[in-house]
Every structure is written in structure tokens, then in C-alpha cells.
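There are 4 protein chains.
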Amino acid sequence: MKEKILEAAEKVFSEKGFYEAKISKIAELADVSVGTIYRFYKSKEELYGEVIKKKLLEMEKEVERAIEGKEPLEAIKAYVNTVVNFFSKEQDFFEIFMMELGSSFVIDAERFNLSEWYRNYVKKLSKIIEKGIEKEIFKSNLNPEGVFLLISGALANIDYFRLKGFIDMEPNEVKNLVLEVVLRGILNRN
Amino acid sequence: MKEKILEAAEKVFSEKGFYEAKISKIAELADVSVGTIYRFYKSKEELYGEVIKKKLLEMEKEVERAIEGKEPLEAIKAYVNTVVNFFSKEQDFFEIFMMELGSSFVIDAERFNLSEWYRNYVKKLSKIIEKGIEKEIFKSNLNPEGVFLLISGALANIDYFRLKGFIDMEPNEVKNLVLEVVLRGILNRN
Amino acid sequence: MKEKILEAAEKVFSEKGFYEAKISKIAELADVSVGTIYRFYKSKEELYGEVIKKKLLEMEKEVERAIEGKEPLEAIKAYVNTVVNFFSKEQDFFEIFMMELGSSFVIDAERFNLSEWYRNYVKKLSKIIEKGIEKEIFKSNLNPEGVFLLISGALANIDYFRLKGFIDMEPNEVKNLVLEVVLRGILNRN
Amino acid sequence: MKEKILEAAEKVFSEKGFYEAKISKIAELADVSVGTIYRFYKSKEELYGEVIKKKLLEMEKEVERAIEGKEPLEAIKAYVNTVVNFFSKEQDFFEIFMMELGSSFVIDAERFNLSEWYRNYVKKLSKIIEKGIEKEIFKSNLNPEGVFLLISGALANIDYFRLKGFIDMEPNEVKNLVLEVVLRGILNRN
DNA sequence: TATGAATGAGTGTTCATTCAT
DNA sequence: CATGAATGAACACTCATTCAT
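Residue numbers (the working numbering), protein chains in the order written: chain H, 2 to 191; chain D, 2 to 191; chain V, 2 to 191; chain A, 2 to 191.
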């Protein structure tokens with residue numbers, strides 16, 4: 002039930018964004034009454050926050066699966082690969098708030114109870130970089146979180162323009178561009 | 002008058018975002034009546050679009066002044082420098098839509114008449130990269146627009162987290178991180 | 002509920018006319034919230050159209066009951082009688098749009114979805130005349146719809162001035178005047 | 002100037018009706034400023050009232066010219082003729098408030114300062130009938146004002162439906178129908 | 001528990017009217 | 001006198017939230 006609502010909410014929020022999404026539409030799609038939604042979620046805001054968390058969790062899981070056991074260099078590649086794929090697969094959602102991913106602007110993190118979540122998300126994923134630095138694969142003077150945000154922001158931004166049709170690139174080109182440019186910049190020697 | 006309204010609108014939209022901003026609040030701040038706003042702008046949407054265009058234009062101007070006459074490598078540095086400074090100076094605005102910069106998500110570009118604008122903006126600034134490639138300073142296999150978006154997205158993302166206090170970096174660190182990582186990746190030899 | 006709203010709307014529209022009637026006033030009178038009105042009627046326009054249709058239907062019903070089984074001559078008398086009585090009984094409504102009856106001006110019939118309605122209404126009631134012509138009670142060269150409109154317009158007009166106190170006549174005088182003048186003009190022999 | 006405004010007002014009110022007419026549009030058409038309109042007319046209401054009076058006056062003049070020196074029977078014919086012609090010529094105006102003619106409903110006579118006017122208008126034109134009664138051409142038991150209103154209401158109503166295309170009659174048919182039906186009813190002997 | 005009808009606060013927009021120039 | 005920019009009251013309509021059943 003809660004899950005069914007979350008899925009409907011994900012669909013509607015993805016298509017309409019927070020303000021244009023109607024609770025009644027979500028209820029209809031979830032095949033429950035409006036009242037029922039309010040039994041599980043205190044407010045539209047809370048529901049929205051949960052949708053974002055859910056998506057980020059999915060992505061986090063996919064990323065973790067992808068980088069598991071890999072050395073930092075390969076892990077970075079796997080991360081970039083996974084994120085671009087995830088973006089493509091979840092284009093609808095992505096266009097509205099996947100940008101939230103590494104770049105949570107737009108959404109008032111406080112309002113949706115996401116601040117803590119974001120912090121942890123960034124911290125967790127920047128461990129990849131940290132480990133690379135420890136292993137002296139990556140340069141030692143780098144700020145791990147900064148590097149992670151650099152990569153995720155670059156990816157999100159290029160991919161947004163690609164999805165909107167503003168630039169003409171293939172998903173693979175995006176991956177390669179980011180990897181080529183960034184890896185050389187962070188690897189200890191080349 | 003038109004200018005006074007635009008400034009008030011900038012302030013209110015920056016603080017509240019499109020949906021939470023109230024026309025009556027903008028009128029109050031601009032010290033004009035609600036009706037007067039509608040003499041100059043057909044709708045809330047149009048006003049919002051104008052605010053964004055104005056800011057982007059300001060930033061574009063600053064960037065152009067900064068990179069004028071410079072060689073590509075120096076131009077990139079100047080670009081990064083200018084953008085980070087602009088972000089700091091215009092933090093309020095930036096938090097809501099300066100992300101729009103290189104990453105127009107969030108905002109429905111069509112709705113606010115910005116699509117064309119975005120396209121041109123990206124095209125114009127990616128000329129820096131193009132020139133660098135022509136002069137064989139940058140690698141020849143790079144997609145200029147992709148590289149520009151990579152840089153602007155990276156900057157916006159890192160700086161957003163910095164401004165929100167989610168990560169602990171100085172503006173200068175942001176600049177240096179981006180330049181160090183990216184330049185190495187795009188320069189023709191290292 | 003829908004009925005309660007319609008009754009309140011009838012009252013307010015009758016007193017104020019379309020433009021001066023306020024939805025909030027109708028809601029107050031119907032003892033429902035504004036939102037509830039919009040559950041049943043898409044817009045003020047629609048509500049207004051429904052009020053008119055309802056009244057016309059009532060009158061149509063009364064007229065049909067009155068003329069049922071009667072020969073054309075008696076039917077005309079019954080029609081005139083019924084209409085004048087209805088006007089007196091529903092003076093409030095009548096003053097604003099019962100004129101619509103045979104004379105739909107004022108109201109933009111398209112806007113309120115009434116065109117089709119009006120056409121049918123006239124067609125149906127002019128059957129009385131038609132039958133009289135067939136039975137050779139009325140003159141054969143008469144346009145039935147024209148005669149019906151002649152009678153309904155004459156009635157509405159005289160009665161309006163009477164109700165407004167502009168002329169000094171009793172309801173019965175109105176009936177007799179119209180019948181005396183018109184019947185002689187339409188009967189086959191005198 | 003006052004005249005120019007009145008003409009523009011007539012045009013706009015005729016096309017739009019009172020509520021949908023904009024003062025600014027009238028000013029534009031009259032090629033004066035909005036402020037100037039308010040120098041001559043205290044309010045939109047007053048301007049509207051003046052437009053109606055002007056039109057009625059025109060029609061009154063035409064009618065008087067047409068019936069001048071004629072015997073009652075011919076005068077009635079001339080009246081019917083003039084009114085139907087006037088309606089055709091001034092169709093735009095007529096559709097909105099010429100109905101006001103004999104049937105002032107719709108318009109709140111008080112609000113537009115028309116009550117007195119209407120009364121006089123009816124009184125003046127019903128003199129035709131009165132004279133006919135005095136001369137024993139028309140039946141003596143008729144209420145003159147009632148007969149006048151009967152004729153004007155009949156005419157307005159039939160002609161409205163004709164102009165709207167709801168019934169298929171020629172202007173001449175309308176005249177003849179009304180004359181044939183009514184004259185027989187009011188003439189002393191036939 | 002689930003429902004969904006009812007609520008009513010909230011806001012963009014219009015336009016008659018005013019008044020400083 | 002004439003102008004037309006500025007005013008701001010007014011109102012239809014929406015939709016998150018509640019609560020009686």
C-alpha cells in the first residue's frame with residue numbers, strides 16, 4: 002500500500018514536478034483514496050521527500066553493486082557508467098529532480114527533510130575517492146567530496162542538455178568525455 | 002520602474018523560488034502596485050523568465066570581459082574564476098536558479114521562454130573550448146559543448162554544496178580543484 | 002446538494018444578474034463552501050446556464066400540462082394564462098432573464114450553452130400554432146414560429162413594464178389584451 | 002469630443018455589452034485619453050446610459066418623422082416599418098440592448114438613469130394608439146400603453162430570433178405578420 | 001481502516017477610476 | 001484641459017487537508 006502510493010507519487014512527481022503534481026492524481030494512480038495517502042504520509046512535502054530518498058537509494062544501491070570490490074580507478078569508471086545508465090533509464094524522474102543527485106539545489110532540502118540525507122549520500126560516495134587517495138592512486142591534495150561533486154555535477158549537467166536535445170552527444174560519449182577529462186586530472190601519474 | 006520591479010522580483014524569486022513567490026510581495030518590495038507590475042510583464046511566468054535572462058546576461062558580460070583577448074588556457078581559468086566569484090556574490094539568486102547557468106533543469110525552459118537563450122548561451126561560451134582546440138592547445142577529440150557543460154556543471158554542483166555548508170571548502174579551493182582536475186584532462190600535453 | 006446550490010444560484014442570479022452575482026454569495030446562501038459549488042459546476046457560466054434551463058423547463062412543464070389535450074384555440078389561451086401566471090410567481094427570476102423565454106437576447110446563448118435549447122423550446126411551443134393551422138382554425142398563411150414569438154414577446158414586454166410599475170395594468174388585463182388582440186388576428190374567421 | 006466618445010462607446014458597448022466593454026478600448030477608438038472620458042462622463046454606467054438614450058432618441062426621431070401627419074392606422078404601419086428597418090440597420094446595437102426599446106429588462110433601469118426615460122418613451126409612442134382610439138378607429142376598450150408594448154415586444158422578439166438565425170423569416174415577413182395579426186385585433190371593425 | 005465529499009484559505013489577474021504632470 | 005501611468009479592490013477558481021461515515 003505504502004509502496005503502491007510511493008510508486009504512483011514517483012510517476013506523477015516525475016512528470017509534473019512538485020507544484021504541478023496533484024495529490025488526487027497520485028491517489029487515482031495508486032488506486033487508493035486521498036485519505037489513505039494521508040494515513041501514510043503527513044503531507045505532500047513528506048511524500049515528495051520520500052520519493053526522492055527512494056530514488057537516491059536505488060541509485061546508491063546500483064552504484065554500490067557496481068563498485069563493490071573494485072579498485073578506485075575501476076570504481077570511478079563503474080560509478081560514471083552506472084550513473085549515466087541510471088539517468089537514461091530514469092529519464093522522467095531525472096529531468097525533474099535527479100539533478101538533486103549531486104546537486105540538490107532547487108529543492109529546499111530543509112523543507113523536504115533531505116539535508117541529512119544529502120550529506121550522507123555525498124560522504125558515502127566520496128569514499129571512493131578517499132580510498133583512491135589512500136592507495137596513492139589519486140593525487141593526495143584533492144578534496145574527496147569536491148571531486149565527487151565535480152564528477153556528479155559534470156555528469157548531471159552534460160546529461161541534462163543531452164536529454165533535452167540541446168547538445169548532440171551519445172550516452173557513451175558523455176561517459177568517455179567525463180572519464181577522459183577527469184581521470185587524467187586526478188590520477189597520480191599518467 | 003521596470004528595473005525596480007525586476008530587482009524586487011529577483012530578490013523574491015531568489016528567496017522563494019517561482020511557486021512560493023507572490024506577486025503582491027514583489028509589488029510591495031518594488032514599492033509599486035500590483036497593477037503596475039502587469040503593465041510591464043504579461044504574467045508571473047514572463048517576469049520570472051526576464052529575471053533569469055537578466056542574471057545570465059550579467060554573468061555572460063562579466064565572463065566576456067574576463068576572457069577578452071585571453072588565450073584559451075587563460076580564458077578557461079578566467080572563466081572559472083569569474084563564475085565562482087559571481088556565484089559567491091549572487092548567492093541568493095544562485096541558490097535558486099543560477100544552477101540554471103549551465104544546467105537549466107528544474108526550470109521548464111519552454112514555459113519561461115528560455116530554450117533559445119540557453120542554447121545560445123552554451124554555444125557562445127563553448128567557443129572558448131573550440132578556439133583552444135583549433136589552436137591545438139586542447140585535445141582535438143573533445144566535444145566543446147560537452148567540455149563547457151562539464152566545467153559549468155562541476156562548478157555549480159560543488160559550489161552549491163559549499164554555499165549550503167554541506168562541504169567545507171573555500172571558494173579558492175573550488176576554483177583550484179576544478180582547474181587542476183579539468184585542465185590536465187583537456188590540455189594537449191601534460 | 003446540487004439542487005440546493007441551484008436554488009441559491011437562481012436566487013442570486015435573479016437578483017443580481019450574471020456579472021454582479023458572486024460565487025461566494027451563492028455558496029453562502031446554499032450553505033456550502035465555494036469549493037463544493039465547483040464540484041458540481043465547472044464554472045460560473047455553466048451554473049448560470051443550468052439555472053436558466055431549469056426555469057425554462059419548469060415553465061415548459063407547466064405550459065405542457067396546461068395545454069395538454071386542448072384544442073388550439075383553448076391551448077393558446079391556456080398558454081397565455083400559464084405564462085402570465087408563471088411570470089407573476091417568478092417575478093425575481095423573470096426580471097432578469099425570464100425575458101430569455103421567448104427573447105433570449107442579452108444572454109450570450111453560445112456562452113451558456115443555450116442555443117440548442119432555445120431553438121427546441123421555440124419549435125416545441127410553436128407546435129400549438131401549427132396544429133391550429135392544420136385544423137384550419139388558424140389562418141394558413143401564418144408562420145407558426147413567428148406567431149409564437151409574437152405572443153411570447155408581447156407578453157414578456159407588457160409584463161415587464163407592469164412588474165416594474167411603469168404601466169398600470171392587472172395581470173388579467175394583460176392576458177385579455179394579448180388574447181383579444183392576437184386571437185382575432187390569427188383565427189380563420191371572425 | 003463628447004460626441005466622438007459617445008460614438009466610440011456605442012460601437013464598443015454594442016459589440017461587447019456593458020460588462021465586457023473596456024473603457025480603455027472606447028478611449029482608443031475615440032482617439033482620446035481615458036481621463037478625457039471621465040471629464041465628460043462620471044462613470045462607465047453613466048456613459049452606458051447616455052449611449053442607450055442616444056439610440057432611443059434616434060429611433061424616436063425616425064419614428065416621429067415616419068408617423069408625422071399620418072392617421073393612426075397608417076401610423077401604426079409606419080411605426081412597425083420604421084422599427085423593423087431600424088433594427089436591421091442597427092443590428093449590432095440592437096442585439097445587445099435595442100431590446101431595451103420596448104423591453105428594458107436586462108438593464109437595470111435605475112442604475113443607468115433610464116427609468117424616467119423609459120416611462121416617457123412608452124407614453125409618447127402610445128399616443129399613436131390613443132389617438133386611434135379617440136378617432137374611433139381602434140377599439141375603445143384597449144389599454145394604449147399595453148397595445149404599444151404588445152407591438153414593440155412582439156417585434157423585438159421575433160426580430161431577435163430572426164437576426165440570430167433561429168427562425169427563417171424575411172424582415173418584410175416580420176412586418177406583415179405583426180401587422181396582420183395585430184391590426185385585425187385592434188381595428189374597430191374589420 | 002478506508003473513503004472521498006466538503007472545506008476555505010490563498011493568489012494571479014483585471015480594469016474602473018484617479019491625479020500628478 | 002488632456003494625458004495615461006499608477007492604483008488596488010475585487011473575484012473566480014484550485015487543491016491540500018480534514019473528518020464523518
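All C-beta atoms, glycine included, are put in the ideal place defined by N, C-alpha and C. In this text the structure is predicted, and so the values were computed from the model without any measurement.
Residue environment, residue i, which counts as buried when at least 16 other CB atoms sit within 10 Å
{"i": "Y20 of chain D", "result": "exposed"}
{"i": "V35 of chain D", "result": "exposed"}
{"i": "D160 of chain V", "result": "buried"}
{"i": "N158 of chain V", "result": "buried"}
{"i": "K56 of chain H", "result": "buried"}
{"i": "S153 of chain A", "result": "buried"}
{"i": "G133 of chain A", "result": "buried"}
{"i": "M99 of chain H", "result": "Interpretation of M99 of chain H is limited by its pLDDT of 41, a score under 50 that renders its predicted location unreliable; no figure is taken from the coordinates."}
{"i": "S44 of chain D", "result": "exposed"}
{"i": "S127 of chain A", "result": "buried"}
{"i": "G70 of chain A", "result": "exposed"}
{"i": "L184 of chain D", "result": "buried"}
CA-to-CA distance, residue j to residue i, given in whole angstroms
{"i": "N173 of chain H", "j": "L180 of chain H", "result": "11 Å"}
{"i": "V175 of chain V", "j": "F14 of chain V", "result": "26 Å"}
{"i": "A76 of chain H", "j": "I168 of chain H", "result": "28 Å"}
{"i": "F162 of chain A", "j": "A155 of chain A", "result": "11 Å"}
{"i": "R40 of chain H", "j": "M2 of chain H", "result": "11 Å"}
{"i": "Y122 of chain A", "j": "K26 of chain V", "result": "36 Å"}
{"i": "G18 of chain H", "j": "I138 of chain H", "result": "41 Å"}
{"i": "E51 of chain A", "j": "L7 of chain A", "result": "8 Å"}
{"i": "L143 of chain A", "j": "G166 of chain A", "result": "34 Å"}
{"i": "K125 of chain D", "j": "K12 of chain D", "result": "27 Å"}
{"i": "L48 of chain V", "j": "V64 of chain D", "result": "58 Å"}
{"i": "E131 of chain H", "j": "E61 of chain H", "result": "17 Å"}
{"i": "S105 of chain A", "j": "Y119 of chain A", "result": "Caution is warranted here: a pLDDT of 33 is assigned to S105 of chain A, below 50, making its placement in the model unreliable, and the coordinate value is therefore given only provisionally. Going from the Cα of S105 of chain A to the Cα of Y119 of chain A covers about 8 Å."}
{"i": "G147 of chain A", "j": "L178 of chain V", "result": "7 Å"}
{"i": "A67 of chain V", "j": "A10 of chain A", "result": "46 Å"}
{"i": "K78 of chain H", "j": "V81 of chain D", "result": "25 Å"}
{"i": "S141 of chain A", "j": "E117 of chain V", "result": "42 Å"}
{"i": "K90 of chain D", "j": "K90 of chain H", "result": "37 Å"}
{"i": "L150 of chain A", "j": "L151 of chain V", "result": "12 Å"}
{"i": "L164 of chain D", "j": "N86 of chain D", "result": "12 Å"}
Where the alpha helix (DSSP H) containing residue i begins and where it ends
{"i": "L164 of chain H", "result": "P145 to L164"}
{"i": "S25 of chain V", "result": "I24 to A31"}
{"i": "I38 of chain D", "result": "V35 to F41"}
{"i": "E11 of chain A", "result": "K3 to E21"}
{"i": "M60 of chain V", "result": "K45 to I68"}
Test: residue i CB closer than 8 Å to a CB of chain A
{"i": "L143 of chain V", "result": "yes"}
{"i": "M2 of chain V", "result": "no"}
{"i": "A67 of chain V", "result": "no"}
{"i": "V148 of chain V", "result": "yes"}
Any C-beta of chain V under 8 Å from that of residue i
{"i": "F162 of chain A", "result": "yes"}
{"i": "E174 of chain A", "result": "yes"}
{"i": "M170 of chain A", "result": "yes"}
{"i": "I159 of chain A", "result": "yes"}
{"i": "V183 of chain A", "result": "yes"}
{"i": "R40 of chain A", "result": "no"}
{"i": "L1 of chain A", "result": "Given a span of 2 to 191 for chain A in the structure shown, any question on residue 1 of chain A remains unanswerable."}
{"i": "E119 of chain A", "result": "The identity of residue 119 of chain A in the sequence shown is Tyr, whereas the question assumes Glu. Chain V, which has a Cβ nearer than 8 Å to the Cβ of Y119 of chain A, makes this yes."}
{"i": "G1 of chain A", "result": "The structure shown does not extend to residue 1 of chain A, since chain A spans only 2 to 191, so no value can be given for it."}
Contact with chain D by residue i, beta-carbon distance below 8 Å
{"i": "V123 of chain H", "result": "yes"}
{"i": "E11 of chain H", "result": "no"}
{"i": "F167 of chain H", "result": "yes"}
{"i": "S153 of chain H", "result": "yes"}
CB contact check: residue i to chain H, cutoff 8 Å
{"i": "A76 of chain D", "result": "no"}
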